Amino acid sequence: MNSCDQNGILFTNGDNDTFPLWFLQEVEEVRKDVRVVNLSLLNTGWYIKQLEHMEPRVRTGYTDEQADRLTPMRWTEDREIDLGGFSFLLKKDQILRIQDRALLNIIRANRWKRPIYLAITVSPENKLGLDKHLKMESMVLRLVKEEAANQIDLERSRDLVLNHHTFRGLNDETIFKDDNTKKLLSNYAAVFSAIGQAHCNEGKFDEARAVLEKGLEVLHPFWGIYQVLARAYEGLGETEKALELGKKGLAVAAENDKPMIYASLLPLYQRAGKLDELTNILNERVETSVDEFSAYWALFRTYHMQGKFVEASKILERWLAFHPQDERIRGFLANYLKEIKSRQGETEKR
Numbered sequence: 000m001n002s003c004d005q006n007g008i009l010f011t012n013g014d015n016d017t018f019p020l021w022f023l024q025e026v027e028e029v030r031k032d033v034r035v036v037n038l039s040l041l042n043t044g045w046y047i048k049q050l051e052h053m054e055p056r057v058r059t060g061y062t063d064e065q066a067d068r069l070t071p072m073r074w075t076e077d078r079e080i081d082l083g084g085f086s087f088l089l090k091k092d093q094i095l096r097i098q099d100r101a102l103l104n105i106i107r108a109n110r111w112k113r114p115i116y117l118a119i120t121v122s123p124e125n126k127l128g129l130d131k132h133l134k135m136e137s138m139v140l141r142l143v144k145e146e147a148a149n150q151i152d153l154e155r156s157r158d159l160v161l162n163h164h165t166f167r168g169l170n171d172e173t174i175f176k177d178d179n180t181k182k183l184l185s186n187y188a189a190v191f192s193a194i195g196q197a198h199c200n201e202g203k204f205d206e207a208r209a210v211l212e213k214g215l216e217v218l219h220p221f222w223g224i225y226q227v228l229a230r231a232y233e234g235l236g237e238t239e240k241a242l243e244l245g246k247k248g249l250a251v252a253a254e255n256d257k258p259m260i261y262a263s264l265l266p267l268y269q270r271a272g273k274l275d276e277l278t279n280i281l282n283e284r285v286e287t288s289v290d291e292f293s294a295y296w297a298l299f300r301t302y303h304m305q306g307k308f309v310e311a312s313k314i315l316e317r318w319l320a321f322h323p324q325d326e327r328i329r330g331f332l333a334n335y336l337k338e339i340k341s342r343q344g345e346t347e348k349r
């Protein structure tokens, strides 16, 4: 809520990102000017009426009778939806839930008189295709008229995380955090990573380092922060430190994040001229994790980039020895071997 301007309207996703805010508002009396709108509850007529009648009131654009009669609807044709400051395309056969219809109506009825935000915890399917009109401001995404991908108010976001937000207990290992809690906390890390990435894109590696190291200080270790911090240190000319951070990111990455961390390590080690070192790391991974395809694929690519085509093909053969049912890789390997044989034939002709 402290990421929002005065009298903001803040849409949240569901229970876990809403109830703590309501507690802060009702018990601690924090930012009671901000109207927290729960997208899940927005599927009910009684909640829409409550928004219209209870302070701080939100203009929904519906009468009580209309709110009670709202139902989901299927869009029968492509249509540009006018939201007062911009329009966007709703595609044919897209189903609009009650919450979707209410979200659009609230935006229209508000007429840009109050700032509108989506919490960073709002899932992609609940953003209704508005992504290019959302600008990150730390923990929230502000609805804006301008259209662009991956918008971020960098200075405001940086100021908020460094000077205004308070992070307590998030890195305390004595406090139990279940998987759902860890997933929610990863949103904090994503904010630090996004700010650091934006600074790196501008070549401001010192600024990136300051933000990302604050993230490591206050949060549970998150691979994305290590990944971007490695880029910052590389930009500052501290290659060994960058490689060390890359390895730390790999150590804490969850299985479904491994492909992304491997994808960042490969060019990092290549630029450092240390692909042999990465080869050793990846060989250890495939020895101990025979089912981790992302490690096999990263090792295959590492060998291929070094021109070690035989070793590259053997890595895929090793994968198939453990996973003979993987027809996709079997077909890829067959084509790869043909390509290598063709290259060797052309080389011999020269």
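Residue numbers for the sequence shown follow numbering that gives the first Met the number 0, beginning at 0 and rising by one.
We treat Cβ as the ideally placed atom computed from N, Cα and C, and that holds for glycine.
For clarity, every value in this text was computed on a predicted model and none was experimentally measured.
- Shown here, Val139 sits in a strand according to DSSP, grouped into three states.
- Per the DSSP secondary-structure output, Arg78 pairs in a beta bridge with Leu89.
- Annotation: Phe321 is outside any beta strand (DSSP E); the continuous alpha helix (DSSP H) that includes it extends over Phe308 to Phe321.
- Here Ala294 is near Leu281, since their CB atoms are less than 8 Å apart.
- With contacts defined by Cβ atoms closer than 8 Å, Asn125 and Leu38 form a contacting pair.
- Here Gln305 carries a coil assignment [DSSP, helix/strand/coil].
- According to the DSSP assignment, Tyr116 belongs to the beta strand (DSSP E) that extends over Ile115 to Ala118.
- Nearest to Leu142 by C-alpha distance, out of Gly168, Trp111, Asp171 and Phe166, is Trp111.
- Beta bridge pairing from DSSP links Val35 with Leu9.
- The beta carbons of Thr238 and Leu274 sit no closer together than 8 Å.
- Secondary structure of Leu161 (DSSP, three-state): helix.
- Three or more beta-carbon pairs separated by less than 8 Å are not found between the region 14-33 and the region 155-173, which leaves the two stretches without contact.
- About 6 Å separates the CB atoms of Ser122 and Asn12; that is less than 8 Å, so the two are in contact.
- Using a C-beta cut-off of 8 Å, the region 197-204 makes no contact with the region 170-179, since fewer than three inter-stretch Cβ pairs fall below that distance.
- Around the C-beta of Ser86, fewer than 16 other C-beta atoms lie within 10 Å, and the residue is accordingly described as exposed.
- In this structure, Leu244 keeps its C-beta atom at 8 Å or more from the C-beta atom of Tyr261.
- Taking 8 Å as the upper bound for CB-CB distance, Phe299 and Ile314 are in contact here, some 5 Å apart.
- Leaving aside the five residues that flank Leu88 on each side, the residues in its chain whose CB is nearer than 7 Å to its CB run, in chain order, Asp77 and Glu79.
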